[in-house]
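Numbering (the UniProt record's numbering), first residue to last: 1 to 210.
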Ligand SMILES: NC(=O)c1ccc[n+]([C@@H]2O[C@H](COP(=O)([O-])OP(=O)(O)OC[C@H]3O[C@@H](n4cnc5c(N)ncnc54)[C@H](OP(=O)(O)O)[C@@H]3O)[C@@H](O)[C@H]2O)c1
């Protein structure tokens with residue numbers, strides 16, 4: 001698949017990119033800054049032409065993944081215009097509001113994923129995933145002992161994202177409609193608190209009973 005990672009120059013973007021590149025996907029690194037996008041593309045073993053502005057990556061991709069801080073979610077989605085119409089956009093945004101990142105703080109609309117859907121409109125299918133995975137671990141070849149909650153309103157779109165999670169070496173689970181993304185987003189603050197209080201580097205979640 002041709003996957004555009006919007007904000008692909010950051011920690012999570014690079015982690016997902018490296019895993020999807022290894023799985024054989026055609027990954028585009030999106031950024032606000034073209035030279036930066038090209039540099040990171042080359043660092044990831046891609047042609048420099050795979051680094052591009054977010055708006056251009058959004059236009060030519062088959063599926064997009066948004067990996068920017070919550071504070072810049074809205075401006076990034078507005079900047080890509082209608083490049084994502086009739087496509088799936090995976091939203092990994094966690095509505096962390098520094099400095100109190102161990103406290104669950106949710107946007108008025110309910111969750112970052114619902115915020116993305118309201119900005120993009122119904123022509124884009126937002127599926128939320130990857131909020132509970134350490135970007136640092138994704139950037140290694142290590143096996144990751146953490147599952148992925150995949151929330152979205154359409155079964156086919158969730159299935160596509162679960163397949164992409166598998167391509168990144170992770171087990172994805174159907175977590176219900178997009179409004180359920182709030183639970184995955186909130187869990188991240190809990191994992192940050194667990195990391196801090198129990199001196200863990202990368203706590204994660206695992207679905208049991210199977
Ligand atoms: N880090 C993790 O372990 C992790 C895990 C799960 C979920 N998440 C979530 O994933 C998202 C990305 O996290 P991250 O750690 O990868 O973030 P990050 O490295 O701090 O930033 C990612 C990218 O966002 C873009 N960005 C920064 N400031 C911006 C601005 N003012 N306007 C527009 N874009 C801006 C930058 O891209 P350009 O400068 O190239 O445009 C940057 O490379 C966040 O919502 C985070 O909560 C992170």
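For each residue, glycine too, the CB sits at the ideal point set by N, CA and C.
Mind checking whether residue i and residue j have CB atoms under 8 Å apart?
| i | j | result |
| --- | --- | --- |
| residue 89 | residue 116 | yes |
| residue 153 | residue 177 | yes |
| residue 12 | residue 92 | yes |
| residue 151 | residue 184 | yes |
| residue 127 | residue 165 | no |
| residue 66 | residue 76 | yes |
| residue 119 | residue 78 | yes |
| residue 129 | residue 148 | yes |
Excluding sequence positions up to five away, which residues of its chain have a Cβ less than 8 Å from the Cβ of residue i?
| i | result |
| --- | --- |
| residue 186 | 104, 106 |
From what residue to what residue does the beta strand (DSSP E) around residue i run?
| i | result |
| --- | --- |
| residue 2 | 2-6 |
| residue 91 | 88-91 |
| residue 29 | 26-31 |
Using a Cβ-Cβ cut-off of 6 Å (strictly less than) and excluding sequence neighbours within five positions of residue i, which residues of its own chain qualify?
| i | result |
| --- | --- |
| residue 4 | 28, 30, 57, 58, 61, 64 |
| residue 2 | 26, 61, 62 |
Does the beta carbon of residue i fall short of 7 Å from some heavy atom of ligand 1?
| i | result |
| --- | --- |
| residue 51 | no |
| residue 131 | yes |
| residue 33 | yes |
| residue 135 | yes |
| residue 176 | no |
| residue 203 | no |
For residue i, report the span of its alpha helix (DSSP H) as first-last.
| i | result |
| --- | --- |
| residue 137 | 135-138 |
| residue 152 | Note, residue 152: premise wrong, no alpha helix (DSSP H); beta strand (DSSP E) at 148-152. |
| residue 16 | 11-22 |
Tell me residue i's beta-bridge partners as DSSP assigns them.
| i | result |
| --- | --- |
| residue 126 | 89 |
| residue 64 | 4, 89 |
Within a Cβ cutoff of 7 Å, which residues of the same chain sit near residue i, ignoring the five residues on either side of it in sequence?
| i | result |
| --- | --- |
| residue 86 | 123 |
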